[in-house]
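Reading through the structure tokens given below for one structure.
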Amino acid sequence: MISTILILGAGQAGAQAVDSLRREGFAGRLVLIGDEPQLPYQRPPLSKQFLAGEMAEDRLFFRHQAYYDQHRVELELGRRATRIDAAARRVSLSDGETLAYDRLMLCTGAKSRPLTCPGAELAGVHYLRGVADVAAMRPGLKAGARVVIIGGGYIGLETAATARKLGCAVTVLEMADRVMNRVVASSVSEYFAHEHRTQGIKIICNTRVVRLEGTGRVERVVCADGSAYEADLLVVGVGAVPNSELAAEAGLACENGITVDEYCRTSDAAIYAAGDCTHHPSLRFEMRVRLESVDNAFEQAKTAALNLLGKPTIHDRVPWFWSDQFDNKLLIVGLSSGFDQQVLRGDPAARSFSICYLKGGELLAVEAINHPKDYIAARKLIAERARPDLDKLADPRISLKETV
Amino acid sequence: MPLIVFVERGGARREVRAPEGVTVMEIARRHGIDGIVAQCGGACACATCHVYVAPQWLEKLEPREDMEEGMLENAWEPRANSRLSCQIHLAAALDGLEVTVPRRQNLLENDQ
Chain A
1 MISTILILGA
11 GQAGAQAVDS
21 LRREGFAGRL
31 VLIGDEPQLP
41 YQRPPLSKQF
51 LAGEMAEDRL
61 FFRHQAYYDQ
71 HRVELELGRR
81 ATRIDAAARR
91 VSLSDGETLA
101 YDRLMLCTGA
111 KSRPLTCPGA
121 ELAGVHYLRG
131 VADVAAMRPG
141 LKAGARVVII
151 GGGYIGLETA
161 ATARKLGCAV
171 TVLEMADRVM
181 NRVVASSVSE
191 YFAHEHRTQG
201 IKIICNTRVV
211 RLEGTGRVER
221 VVCADGSAYE
231 ADLLVVGVGA
241 VPNSELAAEA
251 GLACENGITV
261 DEYCRTSDAA
271 IYAAGDCTHH
281 PSLRFEMRVR
291 LESVDNAFEQ
301 AKTAALNLLG
311 KPTIHDRVPW
321 FWSDQFDNKL
331 LIVGLSSGFD
341 QQVLRGDPAA
351 RSFSICYLKG
361 GELLAVEAIN
371 HPKDYIAARK
381 LIAERARPDL
391 DKLADPRISL
401 KETV
Chain B
1 MPLIVFVERG
11 GARREVRAPE
21 GVTVMEIARR
31 HGIDGIVAQC
41 GGACACATCH
51 VYVAPQWLEK
61 LEPREDMEEG
71 MLENAWEPRA
81 NSRLSCQIHL
91 AAALDGLEVT
101 VPRRQNLLEN
111 DQ
């Protein structure tokens, strides 16, 4: 009999696990442990409206305190787990307390990949992961401030757009030959780089940062080619690494995250995991993946909760992602890796287009720029392994769902 | 504070008061209204906060923008009175607004 469930991590997956467990009728003791002091909150606005100061903190919260009280959820916030004893089924907290569990759910997420070059420890070097990071960064994002962003991925570009809207002079330094190179087609990279440049942001690709200089505080970023950029504030967005240390120390199988199966089970029968921290099978794409996404955290948490309660459920989803940069919305559905064909629908100059990826004629992924119809239609087509007619696909006047 | 009435999937009516400015989706999420999933948290990126607005309230709402229009086109059973609740901001003029939660949110989602 399961009388106590502990959830480690109070982000998107942890909050969803609470919701799903209570919704599915779990009536026992439910404890949610998170190392940040805030009620569980959503992170996507942190680089956008919340960073811009357009959104109050309490609007980030998934639920208010009353929900947790009503549903008898014990919130252990501002407390960090330091050890999992899988044999004894106990979790130790940093203040020495230990909590026993019958089932444990790991929703520990990911952390910002740290910059390792000389000077990385200087004041004025920021990361963007939590509310505290925003609080630390925001006072420096004043009109006229020189902001250098290392990394032209989602976080870097969203932060660049927000800082620019706040009047900062923004430079983005990207190591690869184009922005968002790991996640979008080159034409989409070009489109977004152009949008940022039009707004007055400097984007410099093919550049590797070798050190940060400054007396106590960052003043200058120096690159391998000798170029240097003056900075009042620096934001590092060079990727994330899964929080899987506790799981690994407890003897759970881990490889690029906590290894789980399609039921969100770890290698320990009493422990499940969900969200950014997991390395899991994608049934549709026939490979193992680790995804940093709201959708995946949400769906895996739901799946884990159901399985944990003895209701066998398989996680078999087509992942999706989005990014807001200035007035552009990038919507991505599917995983493009392994594609053998790319089809453009529409005209980037019209500021609304999409890129379709196929493999052996099957639709794998779509990147839709200001084009919600293609995105929504693609979610269904990709799940169904649809094989669109290529001539129709290339004709943007034909709706995506009519191409099959 | 304006009152908003949610008709949940089983037909239950939930009446809640909420401050002006926040969205109907946010209110639903805070109060745990059954059937409003709101995965993306209000970014107009997922179409899982779809509601049917009671007809007498429709013209009091700001019209749909292109992004919402596109998202709704392939929602589960869209109707003329379909809206994404993340795009409806509460205002004094909407005191009493009634919205009904569809039986499902998306063609592909399992029921939450």
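Here the protein sequences come in this chain order: A and B.
Residue numbers for the first sequence follow my numbering, so the first one is 1 and each next one is one higher.
Residue numbers for the second sequence follow my numbering, so the first one is 1 and each next one is one higher.
The beta-carbon is built from N, C-alpha and C at its ideal position, and this holds for glycine as well.
By the three-class DSSP mapping on this structure, what secondary structure does residue i have?
| i | result |
| --- | --- |
| A:LEU309 | coil |
| A:LYS165 | helix |
| B:ASN110 | With a pLDDT of 48 at B:ASN110, under the threshold of 50, the predicted position of this residue should be treated as unreliable, though the coordinate-derived value follows. The answer is coil: DSSP assigns B:ASN110 none of H, G, I, E or B. |
| A:VAL125 | strand |
| A:MET175 | coil |
| A:THR116 | coil |
| A:ALA39 | The displayed chain sequence assigns Leu, not Ala, to residue 39 of chain A. Reduced to three states, the DSSP call for A:LEU39 is coil. |
| B:TRP76 | coil |
| B:GLU62 | coil |
| B:MET1 | coil |
| A:ASN328 | strand |
| A:ALA110 | strand |
| A:ALA274 | coil |
| A:ARG103 | strand |
| A:TYR68 | helix |
| A:SER20 | helix |
| A:ALA240 | strand |
| A:ALA15 | helix |
Would you tell me roughly how many angstroms separate the C-alpha atoms of residue i and residue j, rounded to the nearest one?
| i | j | result |
| --- | --- | --- |
| B:LEU58 | B:GLU65 | 14 Å |
| A:ALA132 | A:HIS126 | 11 Å |
| A:ARG146 | A:VAL260 | 43 Å |
| A:GLN70 | A:ARG103 | 22 Å |
| A:GLY363 | A:VAL404 | According to the sequence provided, residue 363 of chain A is Leu. The question's Gly does not apply to it. Their Cα atoms are separated by approximately 10 Å. |
| A:VAL366 | A:GLU195 | 20 Å |
| A:LYS409 | A:ILE7 | Nothing can be reported for residue 409 of chain A, as the shown portion of chain A is limited to 1 through 404. |
| A:ARG351 | B:GLY70 | 15 Å |
| A:GLU384 | A:THR116 | 44 Å |
| A:LEU181 | A:VAL170 | What sits at residue 181 of chain A in the sequence shown is Asn, not Leu. Each residue's alpha carbon lies about 20 Å from the other. |
| A:GLY130 | B:ASP95 | 35 Å |
| A:ARG23 | B:ARG103 | 16 Å |
| A:SER186 | A:LYS111 | 27 Å |
| A:GLY275 | A:GLY109 | 6 Å |
| A:PRO45 | A:LEU390 | 37 Å |
| A:ALA304 | A:ASN243 | 18 Å |
Does residue i pass the burial test, meaning 16 or more other C-beta atoms within 10 Å, or should it be called exposed?
| i | result |
| --- | --- |
| B:ASP111 | Model confidence at B:ASP111 stands at a pLDDT of 43, short of 50, so the residue's coordinates are unreliable; what they give is reported in the following sentence. The residue is exposed, with fewer than 16 neighbouring Cβ atoms inside 10 Å. |
| A:GLY34 | buried |
| A:LEU283 | exposed |
| A:SER337 | exposed |
| A:HIS280 | buried |
| A:ASP327 | exposed |
| B:PRO19 | exposed |
| A:SER227 | exposed |
| A:LYS48 | buried |
| A:ALA377 | buried |
Is residue i near the ligand FMN, judged by its Cβ being under 7 Å from some heavy atom?
| i | result |
| --- | --- |
| A:THR159 | As for the ligand FMN, it is missing from this structure, which has no ligand bound. |
Looking at residue j and residue i, is the spacing between their C-beta atoms short of 8 Å?
| i | j | result |
| --- | --- | --- |
| A:GLN300 | A:ALA13 | yes |
| B:VAL101 | B:VAL51 | yes |
| A:CYS107 | A:GLY9 | yes |
| A:GLU174 | A:THR207 | yes |
| A:LYS329 | B:MET25 | no |
| A:LEU30 | A:LEU21 | yes |
| A:ILE355 | A:GLN342 | yes |
| A:VAL209 | A:VAL221 | yes |
| A:ARG197 | A:ILE203 | yes |
| A:GLY144 | A:VAL179 | no |
| A:LEU128 | A:ILE155 | yes |
Could you please give me the residues that DSSP links to residue i through a beta bridge?
| i | result |
| --- | --- |
| A:MET287 | A:SER282 |
| A:GLU74 | A:VAL31 |
| A:TYR229 | A:VAL221 |
| A:CYS356 | A:VAL343, A:VAL366 |
| B:ASP95 | DSSP, once it has assigned bridges, lists no residue as partnering B:ASP95. |
| A:TRP322 | A:LEU331 |
| A:CYS205 | Partner(s): none; A:CYS205 has no beta bridge. |
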